[in-house]
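Peer 1: If you're matching positions, the sequence shown starts at 2 in my numbering and goes up one per residue.
A virtual CB, placed ideally from N, CA and C, is assigned to each residue, including glycine.
Predicted model only: the values in this text are computed from it and were never measured.
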Amino acid sequence: MTNQEILILGGKGKTGRRVAAQLDARKVPYRLASRSSAQRFDWYDESTWSPTIAGAETAYLAPPVGPTGLAQAGRFVQQAADEGLRRIVLLSGRGVGSPGREFAVYEGQLGLEHAVQASGADWTIIQPAWFAQGFSEDFFRYDVLAGEIRLSAGDGGEAWIDTNDVGDVMAAALLSEAYTGATYALSGPRTLTMDEVAAELTVAAGRPIKYVDLDPEQHVAEIINQGLPREDAEAVRDLFAVIRNHRSEYVSNGVQEILGRPPRDFTDWARETAATGVWQPS
């Protein structure tokens, strides 16, 4: 679609790293922007915005967590479009804006989607389910290592998706105008409750792993103890409330629509991830 550098905001996160790898494989130039990259970018330091935007026409945007961060991202989007950004591919969340799935946690994400759509830039919005890699690359990894996944998801199910599938979809959307003006929901091929996730990880890791269903406020307290600010901890709690209230027990076909193949199954992901040793105590 373009020979110009693609701007990746959040390039060191779970999805950004995978988008960068896909662009590397295709020899497409890109520029990473984060607080620790050569191109310093901070959602909360607006003096970093214009230097980051300069010269970019297409951007991948993985916004921060929490209402304040999402509001900042909305302001950034409009400034970027005003300063010449022509196309935005946005990472959002599955269920945002869907009839019958309104939760307060989605308000900030929906506001950001609206900001992208109203910015004047071309746009594509990708709404994935929860990432399977949360259990191998995030706070949940330490739960798996401890043998207890401690979350407030109740007995609700989620169609967990391999983040590599998300990266493949994002790269396709960045490199083709065929997806302009559309929103795609992504998920894995089936739903699993947290008890079923724990059973899958038990088999993959070769040792017992159980799910401990937390009271939502206890969940917030434990997340804060792990180092997240209260606002972000409450946002995570509210996202799990979607699962807890059985609002995420469905499968979405965006991976098939964009890539022409089915998404990867959680069992296959867990088995191959276990082989890397990520869940072996040090």
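What's the gap between the Cα of Gly-220 and the Cα of Ile-150?
Peer 2: The sequence given here places His at residue 220; Gly does not occur at that position. Taking C-alpha positions only, His-220 is separated from Ile-150 by approximately 11 Å.
Peer 1: Taking only the alpha-carbon atoms, compute the straight-line gap between Met-2 and Thr-53 and give it to the nearest angstrom.
Peer 2: Since pLDDT at Met-2 reaches only 49, below the 50 mark, its modelled position is unreliable, and no value is offered.
Peer 1: Measuring alpha carbon to alpha carbon, tell me which residue in Ala-236, Leu-193, Ala-55 is nearest Leu-86.
Peer 2: Ala-55
Peer 1: Note the first and the last residue of the continuous beta strand (DSSP E) segment covering Glu-6.
Peer 2: Counting along the chain, Glu-6 sits inside no beta strand (DSSP E), nor does DSSP assign it H or E at all.
Peer 1: For Thr-1, tell me which candidate among Ala-39, Ala-130, Lys-28, Thr-49 has the shortest Cα-Cα distance.
Peer 2: As shown, the chain starts at 2 and ends at 283. That puts residue 1 outside it, with no answer to give.
Peer 1: Is the beta carbon of Val-145 closer than 8 Å to that of Leu-202?
Peer 2: Judged by beta-carbon spacing, Val-145 lies within the 8 Å limit of Leu-202, meaning their Cβ atoms are closer than that value.
Peer 1: Taking only runs of the beta strand (DSSP E) that begin and end inside the segment 57 to 145, which ones reach a length of at least 3 residues, in chain order?
Peer 2: 59 to 62, 88 to 92, 123 to 129
Peer 1: Using alpha carbons as the reference points, say which of Gln-5, Gly-14, Pro-30 lies closest to Glu-58.
Peer 2: Gln-5
Peer 1: Can you tell me whether Gly-94 is buried or exposed? The criterion is at least 16 other CB atoms within 10 Å of its CB, across all chains shown.
Peer 2: buried
Peer 1: DSSP beta-bridge partners for Glu-149?
Peer 2: BP columns for Glu-149 point to Lys-211.
Peer 1: Report the option in Glu-218, Glu-84, Ala-22, Arg-208 whose CA atom is closest to the CA atom of Ser-120.
Peer 2: Glu-84
Peer 1: Of the choices Gly-189, Asp-239, Gly-148, Gly-135, whose alpha-carbon is the least far from that of Arg-262?
Peer 2: Gly-189
Peer 1: What first and last residue would you give for the alpha helix (DSSP H) that runs through Thr-192?
Peer 2: Thr-192 -> no alpha helix (DSSP H), and no H or E assigned at all.
Peer 1: Going by C-alpha distance, which of Gln-73, Thr-69, Ile-224 is nearest Ser-48?
Peer 2: Gln-73
Peer 1: Quick one, are the C-beta atoms of Gln-128 and Leu-187 less than 8 Å apart?
Peer 2: Yes.
Peer 1: Considering only DSSP beta bridges, list what Leu-33 is partnered with.
Peer 2: Ile-9
Peer 1: Which two residues bound the contiguous alpha helix (DSSP H) that contains Leu-260?
Peer 2: 255 to 260
Peer 1: Could you check the C-alpha separation between Arg-265 and Asp-46 for me, to the nearest Å?
Peer 2: 38 Å
Peer 1: Spatial neighbours of Gly-207 within its chain, please: C-beta separation below 8 Å, excluding the five flanking residues on both sides.
Peer 2: Ala-275
Peer 1: So, at 7 Å on beta carbons, what are the nonlocal neighbours of Gln-281 in its own chain, with the 5 sequence-adjacent residues on each side left out?
Peer 2: none
Peer 1: How far does the beta strand (DSSP E) with Ala-184 in it reach, from first residue to last?
Peer 2: Correcting the residue type first, residue 184 is Thr in the shown sequence and not Ala. If you look at Thr-184, you'll find it in the beta strand (DSSP E) that goes 183 to 187.
Peer 1: Relative to the C-alpha of Gly-155, which candidate in Ile-244, Ile-89, Gln-40 has its C-alpha closest?
Peer 2: Ile-244
Peer 1: Which whole-angstrom value describes the C-beta separation of Ala-60 and Ala-26, a residue pair presumed to lie in contact below a C-beta threshold of 8 Å?
Peer 2: In fact, because the Cβ distance is near 20 Å, the residues do not count as touching under 8 Å.
Peer 1: Near Ser-249, which residues of its chain fall below 6 Å by C-beta distance, leaving aside the five closest residues on each side in sequence?
Peer 2: The answer, listed in chain order, is Glu-159, Val-243.
Peer 1: Which first and last residues belong to the alpha helix (DSSP H) in which His-220 is found?
Peer 2: 217 to 226
Peer 1: Under a three-way DSSP split, which group does Pro-282 fall into?
Peer 2: It is coil, neither helix nor strand.
Peer 1: As a quick exercise: from Ser-51, Leu-62, Arg-41, Trp-44, pick the residue whose alpha carbon is nearest that of Arg-18.
Peer 2: The option with the nearest alpha carbon to Arg-18 is Leu-62.
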